[in-house]
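Using the working numbering, the first residue of the sequence shown is number 1, and each one after it goes up by one.
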Amino acid sequence: EQGRITFFNEAAAELWGHRPVVGRDLWCGSWKLRHLDGRDMAHGECPMAVALRESRDVSWDQAIAERPDGEL
Numbered sequence: 001e002q003g004r005i006t007f008f009n010e011a012a013a014e015l016w017g018h019r020p021v022v023g024r025d026l027w028c029g030s031w032k033l034r035h036l037d038g039r040d041m042a043h044g045e046c047p048m049a050v051a052l053r054e055s056r057d058v059s060w061d062q063a064i065a066e067r068p069d070g071e072l
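Below, the structure written as structure tokens:
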């Protein structure tokens, strides 16, 4: 699916603060991602993008998700 969201559950929508568009939105539904030090994380740097691109385990990689309402 070229990294597009094909399914999400209600818990994910609550965490993200919005409902992504299935088949259109990429990698993850988070509004914005940040590195642990607060720097913006490019969409292609998010752990899911890295896992898909590099076919490797990223279970220990961390990011801060920001919702559309600004909540972290």
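Note that CB positions come from ideal geometry on N, CA and C, so glycine has one too.
- Look at Arg56 here: in three-state DSSP terms it is coil, with no helix or strand label.
- Per DSSP, the beta-bridge partners of Leu33 are Met41 and Ala65.
- Its Cα nearest to that of Gly3, the residue Trp27 stands out among Trp27, Arg39 and Pro20.
- In the three-state DSSP reduction, Leu72 falls in the coil class, being neither helix nor strand.
- Comparing alpha carbon positions, the residue from Glu71, Ala65 and Gly70 closest to Leu33 is Ala65.
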